[in-house]
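2 protein chains.
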Amino acid sequence: MANIADVAREAGVSRSTVSSVLTGKKFVRPETRERIEEAIARLQFSVNHGARALATSRTMIVGVVVQLHGGEFGPALAPFLVALSDSARSEGYDVLLVTEADQVGAIHRLALERRVDGVVLFNIVDEDPRLAALSDHDLPAVLLGMPADSQGLDAVDLDFAKAARALVRHLDERGHAEALFVRWAPEMFAQRNSFVLRFNDAALDEARRVGLRLRPIDCPADPERLPDALTGALAERGAATAVIVHNDAASALLPAALHEAGLQVPEDVSVVSIHSAELGRALALRFTSVETVPGEVSNAVIRTLMARIAAGHGGTQEDVRHELIAPRITDRGSVRDLT
Amino acid sequence: MANIADVAREAGVSRSTVSSVLTGKKFVRPETRERIEEAIARLQFSVNHGARALATSRTMIVGVVVQLHGGEFGPALAPFLVALSDSARSEGYDVLLVTEADQVGAIHRLALERRVDGVVLFNIVDEDPRLAALSDHDLPAVLLGMPADSQGLDAVDLDFAKAARALVRHLDERGHAEALFVRWAPEMFAQRNSFVLRFNDAALDEARRVGLRLRPIDCPADPERLPDALTGALAERGAATAVIVHNDAASALLPAALHEAGLQVPEDVSVVSIHSAELGRALALRFTSVETVPGEVSNAVIRTLMARIAAGHGGTQEDVRHELIAPRITDRGSVRDLT
DNA sequence: CTGAAAGCGCTTACAG
DNA sequence: CTGAAAGCGCTTACAG
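For the record, the sequence lines run as chains E and X. All the letters of the first sequence, read from the start, carry residue numbers 1 to 339 under the working numbering. All the letters of the second sequence, read from the start, carry residue numbers 1001 to 1339 under the working numbering.
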C-alpha cells in the first residue's frame, strides 16, 4: 500500500508538499498540486488514518456509548444509532459503538486510550454514573437525554415535558375529563430514566392544571404480562373516556388489547400516545401521537458535540448547552370530540 | 496525559522495557515489572491507541457495515449491532458502525485508510455490490448472511432453509394439508435478500416434498396497508388450516388481524412463524416459532473474522468458511393437531 | 511556494 | 533480562 513518501517520489516533490495538498491547509502551486493529485490517483493512495490521528491528535471518531438497562423498548434503539452515524459522517466523523455493560469502565478506556474525540451518552438516567466518570477526563461529551442535573454537560433531547403537556391538553380541549395514563414499568421509574420522569411529571402537572383526572396505570416490565394488564385496565376504565400512553411496548400491544376488549377508537375510547417513530411506522399505529425524531435529535447532538470538540475541551463549563427539541403532535383522529 | 517515556523515567527503565510489560510479549524481571506497574498506576498511564495502531498495523477495530434497504423490518437491527459489539469486545476489538448509503464507497474508505482490521457485512443480498468492492482489497471480511454466491468470502447466518423445512414439517406432521405462506413484500424478493430467498425456496420445496399445499401471500411493503392485507388473506383462507409467516411486520400485526377476523389460535387457525427474537419478546408473540439468535450468530461471525484476521489476509481463499446455525423451534402450542 | 527536520507515542528487531 | 535505535505514516512549524 502506497504511503506519502511513494507519492512524493512519484510526483517529484517532498513529503510535506504532498501533505499540504492532503490537508488542504496550505496553498500549493496548481501545476504542482496537479502532479501530486495524479500521483495519488496512479498509486491509489489514501491517507493512513491511524498515522494522521497520531500526528494531529484527532481520531475523527465519536463514541456512542449506550447503556442497556433492559427495561426500555429495544426496537427503538436502532434508529438513533443509524441517525447518529449519519449525522457524524456528515461531519467527517465515524462512530464507535460502545454497548458494554461496564459503561463507566468503557468511558475511562475511551478517554485514557484516546480512542475517540468525543462521546455521545445514550439512555440517560438521573444520577447516571457515567457523568461522574466523564468528570475525571477532558473528553467532550453530549448527553442524548436530559437528566435533572446534567453536571455541567451539554445535553439534547426531545422535549418530553412539552409533549406530555400537549397531549394532555389535546384531550382536555376535546372535553375529556378523565383518562388512563399507561406508563412505563415501575422498574423504569426506579432507574430514573430521564425521559420517563420528565414525561410523567409534566403530564401529571398539566392534568392538574387543566383539571383532567389522570389515573396512572403501571405496566408490568414483563411483556408476557402486558396484554392482560392492558385489557384489565381498559375493562376497569370506569369514567375514563381516554387513554394516554407513554410506554412503547404498550403502544404496540394496545391495538390488540382494544380488539380484545371490543372497543372502537375513537367511538368507545380515545387514545393519544408518545412512541418511537420507527415502531409507529412498522406497526402502522393509528393514534394521535408525538413520535420520536431520531434524525433531528441526532443532528443537534452531533452539532453540539462538534462545537465542544472544536472548543478543545470537555468537562464542566459555564457555557453548557441544553437543547430541547419541540415535539410535533400528529392528529390521526383517535380522539373523540366530546364538547 | 502521560506517555511511555514518562513511565520509563518514573520507573527508571527504558521505554522498550515499559513496552514489554504493556504488550506482555517479553519476559520482564518481576521486580522491574512491579516498578513499572506502579509507575503506570501512579501516572494514570494508558497506551495511546492510535500510536499502538500505527506501530503494530492493527487498529483493533472491526467495521460493521450495514446496508439499509428500507424494506426490511427496522426493529430487528439493534440486537445484532449490540451482539456484534459484545462479541467483538470479548476479543478486545471495538466496533465501528458504518451505515452510510454509499456502502461501496464506505468499504473502499475503510480499506484504503486502514481504519479497521476487518469488516462484517450485514443485510446481504444476492449479487451484493459490496462483495465486489471487497475484492479490490485485502481486507478480512465475514458476511452476516448467506448469498447464493459468497464470492469466496466467509459467511455465517441462521439456517433459514432448515428453519423453513422444520416449520413446514411441524404443520405437516400435525395433519395440516394446506397453509397460507405470508411472505415478505415483493420488493424484498426483488432485492434478493439472502434470508428471504433461502427461507422461501426451502419452504416451497419442503411443502412439495411432504405434500402440503402452500399458498404464498405477498405482503405490501407499506405497513399501513399490511393490516388489511392480513385480514383479507385470513378471510379468504379457504381450505387452509394454518399460516406460516416469514415477515416480521406481519408477525407483529397478525395478533390484531386474527382478532379482527374473529379467529382463535389454534382452534380456528394454526400459526407458525419465524421472526426476530427481540420482536417476539417485546410483543409477547405466542406463536410456535423459530426466532433469530443474534448472540449466536454474532459470536460465530466474530470468531470467523478473528481467524481471518489472524491468518493475515482477506479476499478470496480456498479455505472459505460457511457456517449455518441450526434453528431451534419453540413450541408455543399455536398449531392444532388435526391427526 | 517548497523542503528538511522534528515529532506524534508507540513496538520491535537487534545488541549486549 | 534490559536498552539504544529505527521505524510505523503522517503533520507542522521553521527556513529558505
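Backbone N, C-alpha and C define an ideal beta-carbon position, used for all residues, glycine too.
*Any Cβ of chain E within less than 7 Å of the Cβ of residue 1046(X)?*
Translated into the one-based positions of the second sequence, residue 1046(X) becomes position 46. Yes, its Cβ sits closer than 7 Å to a Cβ of chain E.
_Where the stretch 120-149 of chain E meets chain X: residues whose CB sits under 7 Å from a CB there_ = none
_residue 245(E): first and last residue of the uninterrupted alpha helix (DSSP H) it sits in_ = Position 245 of the first sequence, counted from the first residue, corresponds to residue 245(E). From DSSP, residue 245(E) is part of no alpha helix (DSSP H) but of the beta strand (DSSP E) over 242-246.
*Apart from the five residues on each side of it in sequence, which residues of its chain come closer than 6 Å, Cβ to Cβ, to residue 1124(X)?*
Reading the second sequence from its first residue, position 124 is the one you call residue 1124(X). These residues qualify, in order along the chain: 1143, 1145, 1147 and 1194.
*Reference residue 72(E); option with closest CA among 221(E), 79(E) and 139(E)*: Against the first sequence, residue 72(E) aligns to sequence position 72. Here the closest residue by C-alpha is 221(E).
*Return the chain-ordered ranges of every beta strand (DSSP E) run that is complete within the stretch 209-285 of chain E and spans a minimum of 3 residues.*
213-218, 242-246 and 270-275
*Going by the beta-carbon positions, is the gap between residue 76(E) and residue 276(E) smaller than 7 Å?*
Position 76 of the first sequence, counted from the first residue, corresponds to residue 76(E). Position 276 of the first sequence, counted from the first residue, corresponds to residue 276(E). Going by C-beta atoms, residue 76(E) is nearer than 7 Å to residue 276(E).
*Is residue 1198(X) helix, strand or coil by DSSP?*
Within the second sequence, numbered from 1, the residue matching residue 1198(X) stands at position 198. Three-state result, residue 1198(X): helix.
_Interface residues of chain X facing residue 73(E) [CB-CB closer than 8 Å]_ = Within the first sequence, numbered from 1, the residue matching residue 73(E) stands at position 73. Going along chain X in sequence order, the residues near residue 73(E) (Cβ under 8 Å) are 1282.
*For residue 94(E), write down the residues that DSSP places opposite it in a beta bridge.*
Locating residue 94(E) in the first sequence gives position 94, counting from the first residue. Per DSSP, 61(E).
*asked:* Pop quiz: residue 304(E) and residue 318(E) are said to be a contact at Cβ under 8 Å. What is the actual Cβ separation, rounded to whole angstroms?
replied: Working through the first sequence from its first residue, we reach residue 304(E) at position 304. Working through the first sequence from its first residue, we reach residue 318(E) at position 318. No, residue 304(E) and residue 318(E) are not in contact; Cβ-Cβ is about 16 Å, not under 8 Å.
*Sequence-distant residues of its chain with Cβ nearer than 6 Å to residue 191(E) (five each side left out)*: Within the first sequence, residue 191(E) is the residue found at index 191, counting from 1. Contacts found: 69 and 125.
_What residue range does the alpha helix (DSSP H) around residue 34(E) cover?_
Position 34 of the first sequence, counted from the start, is the residue given in the question as residue 34(E). Start and end: 30-43.
*Which two residues bound the contiguous alpha helix (DSSP H) that contains residue 1056(X)?*
For the purposes of this step, residue 1056(X) is taken as residue 56 along the second sequence, with counting starting at 1. Here the alpha helix (DSSP H) through residue 1056(X) covers 1049-1056.
*asked:* Against chain X, does residue 297(E) count as a neighbour if the rule is that its beta carbon must be under 7 Å from one of theirs?
replied: One-based indexing of the first sequence puts residue 297(E) at position 297. No, no contact with chain X.
_Residue from 1206(X), 1149(X) and 1188(X) whose Cα sits closest to the Cα of residue 1164(X)_ = If you number the second sequence from 1, residue 1164(X) lands on position 164. Cα-wise, what sits closest to residue 1164(X) is 1206(X).
*Same chain, Cβ closer than 6 Å to residue 1244(X), five either side skipped, listed in chain order*: Locating residue 1244(X) in the second sequence gives position 244, counting from the first residue. Within the same chain, residue 1244(X) has close Cβ partners 1167, 1179, 1181 and 1272.
*Three-state class that DSSP yields for residue 1289(X) in the structure shown*: Translated into positions along the second sequence, residue 1289(X) becomes position 289. Of the three classes helix, strand and coil, the one that applies to residue 1289(X) here is strand, per DSSP.
*Could you give the DSSP three-state label for residue 311(E): helix, strand or coil?*
Residue mapping note: residue 311(E) aligns to position 311 of the first sequence, counting from 1. Three-state result, residue 311(E): coil.
*For residue 148(E), which of helix, strand or coil comes out of DSSP?*
Within the first sequence, numbered from 1, the residue matching residue 148(E) stands at position 148. Coil at residue 148(E), not helix or strand.
*asked:* According to DSSP, simplified to helix, strand and coil, what is residue 330(E)?
replied: Numbered from 1 along the first sequence, position 330 holds the residue referred to as residue 330(E). Looking at residue 330(E) - three-state DSSP - the assignment turns out to be strand.
*Straight-line gap, residue 1018(X) to residue 1155(X) (C-alpha atoms, nearest Å)*: In the second sequence, residue 1018(X) corresponds to position 18, counting from 1. In the second sequence, residue 1155(X) corresponds to position 155, counting from 1. Cα to Cα, the separation comes out at about 40 Å.
*Member of 90(E), 42(E), 11(E) and 268(E) whose CA lies at the smallest distance from the CA of residue 61(E)*: For this step, residue 61(E) is matched to residue 61 along the first sequence. Of the candidates 90(E), 42(E), 11(E) and 268(E), the one whose C-alpha sits nearest the C-alpha of residue 61(E) is 90(E).
*Answer yes or no: does any C-beta atom of chain E fall closer than 7 Å to that of residue 1232(X)?*
Taking the second sequence and counting its residues from 1, the one referred to as residue 1232(X) is at position 232. By this cut-off, residue 1232(X) is not an interface position.
*For residue 1069(X), which of helix, strand or coil comes out of DSSP?*
Walking along the second sequence from the start, residue 1069(X) turns up at place 69. Residue state for residue 1069(X) is assigned as coil, using DSSP reduced to three classes.
*If you draw a straight line from the alpha carbon of residue 203(E) to that of residue 1214(X), how long is it in whole angstroms?*
Numbered from 1 along the first sequence, position 203 holds the residue referred to as residue 203(E). Numbered from 1 along the second sequence, position 214 holds the residue referred to as residue 1214(X). In this model, residue 203(E) and residue 1214(X) are separated by some 50 Å (Cα to Cα).
*What do you get for residue 1262(X), buried or exposed, if any count of 16 or more other CB atoms within 10 angstroms of its CB means buried?*
Walking along the second sequence from the start, residue 1262(X) turns up at place 262. It counts as exposed.
*Three-state secondary structure (DSSP) of residue 183(E)*: As a first step, residue 183(E) must be located in the first sequence, where it is residue number 183. It is a strand residue.
*When the Cα of residue 66(E) is compared with those of 1058(X), 1081(X), 1063(X) and 1054(X), which residue comes out closest?*
Start at 1 with the first residue of the first sequence, and residue 66(E) comes out as number 66. Restricting attention to 1058(X), 1081(X), 1063(X) and 1054(X), the CA atom closest to the CA of residue 66(E) is found in 1081(X).
*Would you call residue 1034(X) buried or exposed, if buried means 16 or more other Cβ atoms sit within 10 Å of its Cβ?*
Taking the first residue of the second sequence as position 1, residue 1034(X) is located at position 34. Its Cβ having fewer than 16 others within 10 Å, residue 1034(X) is exposed.
*Quick one: residues in its chain with C-beta nearer than 7 Å to the C-beta of residue 1247(X), no 5 flanking neighbours on either side, listed in chain order?*
Taking the second sequence and counting its residues from 1, one reaches residue 1247(X) at position 247. These residues qualify, in order along the chain: 1182, 1183, 1184 and 1219.
*Go through its chain and collect everything with a Cβ distance to residue 1059(X)'s Cβ below 8 Å, but skip five positions before and after it.*
What you label residue 1059(X) is simply residue 59 of the second sequence in a count that begins at 1. Once the five neighbours on either side are set aside, the close Cβ partners of residue 1059(X) are 1053, 1114, 1115, 1116 and 1117.
*Report yes or no: is there a C-beta of chain X within less than 7 Å of the C-beta of residue 50(E)?*
In the first sequence, counting from the first residue as 1, residue 50(E) sits at position 50. At least one CB atom of chain X sits nearer than 7 Å to the CB of residue 50(E).
*Alpha-carbon to alpha-carbon, residue 237(E) and residue 217(E)*: To locate residue 217(E), count along the first sequence from 1; it is residue 217. To locate residue 237(E), count along the first sequence from 1; it is residue 237. Answer to the nearest angstrom: the Cα atoms are 10 Å apart.
*asked:* Taking only three categories from DSSP, how would you classify residue 118(E)?
replied: Indexing the first sequence from 1 puts residue 118(E) at position 118. In the structure shown, residue 118(E) sits in a strand (DSSP, three-state: E or B).
*Would you report the Cα separation of residue 74(E) and residue 1280(X), rounded to the nearest angstrom?*
Here the question's residue 74(E) lines up with position 74 in the first sequence. Here the question's residue 1280(X) lines up with position 280 in the second sequence. Approximately 11 Å, taken between the alpha carbons.
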